[in-house]
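Residue numbers (the numbering used here): 1119 to 1481.
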Amino acid sequence: MPVVNGFPNLSILSVFRVAILALLVVSCLKVLQPFLGALTWAAIIAISAWPLYGRLRERLRGRHKLAALLIVLALGAALAIPIGLMALTLADTLPHLNSLGHDLAGLSLPSAPAWLANLPLVGDSLQKLWQSTQADLPGLFEKIRPAVNQTALWLLSGGANLSISLLEIVLAIVVAGLLLINGDKLWDLVERIVVKLGGETAGELPEVIARTIRSVTTGVVGTALAQTILCVIGLLIAGVPGALVLGFLCFIVAVAQMPTLVVWLPAAGWVFYTGHTGLGVFLLVWGFLLINTIDNILKPLLISQGAQMPLSVIFLGVIGGLIAWGVIGLFIGPTLLAVSLTMLRHWLQREDNEELACEGEQN
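What follows is the structure in structure tokens.
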């Protein structure tokens, strides 16, 4: 290409082509922007379910559409059954919540226990706080009423966002089925694009990305399942009714990367309310020491084993991606770091091969 004053001499036609291409890309992104979240989730679901889809397709003697339909139905059932159970449980719980509200309206606080004043440092302060609350319990309820109202509004807004997210997930499951049906053609297309952009050395990047995404899925689902099992065990020991339904809720909350204490902490409060102080303390200790802690240990460990990447890299990707992009960042963060590390290794390996080739020619 001819150079004029240090800059390549691009023709007006070349600049016009680049501008048209850029405009086309921006326009396509603008059209797809409302669906980018669902399309991203669909790609993650399809890549994660691809090994199962392959085995199912073999058992069905190559009927790939039926295999994809079965996976879509299974994912839909896994989403619909817990939501239906929670809705039924909520309908049964509303009368109890209503009676609980009436009980709180006529609640009177008993006298402070004798051991409270003997606590070091904070005993006197806690006893005075107890006595002031006992003297004016309705006033305390009036003080906390604005906070309760704000919490209710926050829960309503969160419920609206959850409804939108559920619709997005349903759309993603349907699109994932279409991606599975055309998976072989799409995989060949992705490999051709990657090789075209990055050369032959980048040929294994699609496999690295797919392996990392499957590992993150295994880590997220496996950790959520472990937290759910521990939560159900704790609820059953504490005698909380509806432990299995609360376990389903705990699983959904854990997969969504929300704190599981939103499930077991109110249950512990109910145990305290029923007068079983020892079981309430047990559930609090069980929740904080086991249910919450296992998330930070098990998830990076499971992801690093499947992704064949150092645990420190996966840990940084999971935590950093979650902070930067939310739940979807769990997949984006470690995938970006895995791809970058793979490209760095290829680059270093190519440099070493070139040095060895130069040394061989000199000898």
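Cβ coordinates follow ideal geometry from the N, Cα and C atoms, glycine included.
Nothing here was measured: the structure is a model prediction, and the numbers come from that model.
Give the C-beta separation of residue i and residue j to the nearest angstrom, bearing in mind that I take them to be a contact with Cβ-Cβ under 8 Å.
i	j	result
Ile1351	Gly1194	At roughly 29 Å, the Cβ-Cβ gap does not stay under 8 Å, so Ile1351 and Gly1194 are not in contact.
Leu1383	Gly1405	7 Å
Leu1157	Leu1150	7 Å
Pro1418	Ile1432	5 Å
Ile1331	Ile1446	Not confirmed; about 11 Å, so no contact.
Leu1416	Gly1317	With a Cβ gap of about 38 Å, Leu1416 and Gly1317 do not count as contacting.
Cys1349	Ile1412	No, Cys1349 and Ile1412 are not in contact; Cβ-Cβ is about 10 Å, not under 8 Å.
If we ignore side chains and look at the alpha-carbon of each, how far apart do residue i and residue j end up?
i	j	result
Leu1454	Ile1327	8 Å
Met1461	Arg1177	37 Å
Ile1347	Gly1365	7 Å
Leu1402	Val1144	51 Å
Val1363	Gln1268	27 Å
Arg1329	Ala1342	20 Å
Ile1450	Arg1175	29 Å
Trp1248	Asp1242	10 Å
Val1338	Leu1397	30 Å
Val1136	Asn1414	47 Å
Leu1147	Trp1168	26 Å
Phe1134	Leu1141	10 Å
Gln1423	Ser1333	8 Å
Val1373	Leu1448	11 Å
Leu1170	His1182	12 Å
Trp1465	Ala1164	30 Å
Arg1310	Leu1285	33 Å
Trp1159	Ala1196	16 Å
Pro1264	Ser1250	20 Å
Phe1369	Gly1360	14 Å
Leu1353	Val1371	16 Å
Ile1106	Leu1434	Residue 1106 is absent from the structure shown; the chain starts at 1119 and stops at 1481.
Pro1238	Gln1245	12 Å
Glu1325	Val1399	48 Å
Pro1452	Ile1130	42 Å
Val1308	Thr1392	59 Å
Leu1315	Val1380	46 Å
Ser1430	Gly1180	41 Å
Leu1459	Val1313	17 Å
Pro1428	Gln1467	18 Å
Gly1172	Val1436	28 Å
Closest by CA to residue i, which one among the options?
i	options	result
Gly1439	Thr1395, Ile1311, Gln1375, Arg1181	Gln1375
Gly1155	Val1399, Trp1443, Ser1166	Trp1443
Leu1184	Lys1148, Ile1299, Pro1418, Val1334	Ile1299
Gln1345	Ile1331, Leu1367, Leu1197	Leu1367
Val1457	Asn1410, Ala1372, Gly1321, Lys1417	Gly1321
Leu1407	Val1334, Arg1173, Thr1378	Thr1378
Ser1166	Val1399, Thr1335, Ser1430, Gly1180	Thr1335
Ile1355	Arg1179, Arg1173, His1394	His1394
Arg1463	Thr1392, Ile1437, Leu1323, Val1380	Leu1323
Leu1289	Leu1429, Val1380, Ser1129, Pro1152	Pro1152
Ile1287	Pro1428, Ala1198, Leu1459	Ala1198
Assess, as a yes-or-no matter, whether the segment 1285–1300 is touched by the segment 1171–1189 under the definition of 3 or more beta carbon pairs within less than 8 Å.
By the C-beta criterion, the segment 1171–1189 is judged to be in contact with the segment 1285–1300, since at least 3 inter-stretch pairs fall below 8 Å.
Do the segment 1300–1314 and the segment 1381–1401 touch if we need at least three Cβ pairs shorter than 8 Å?
no
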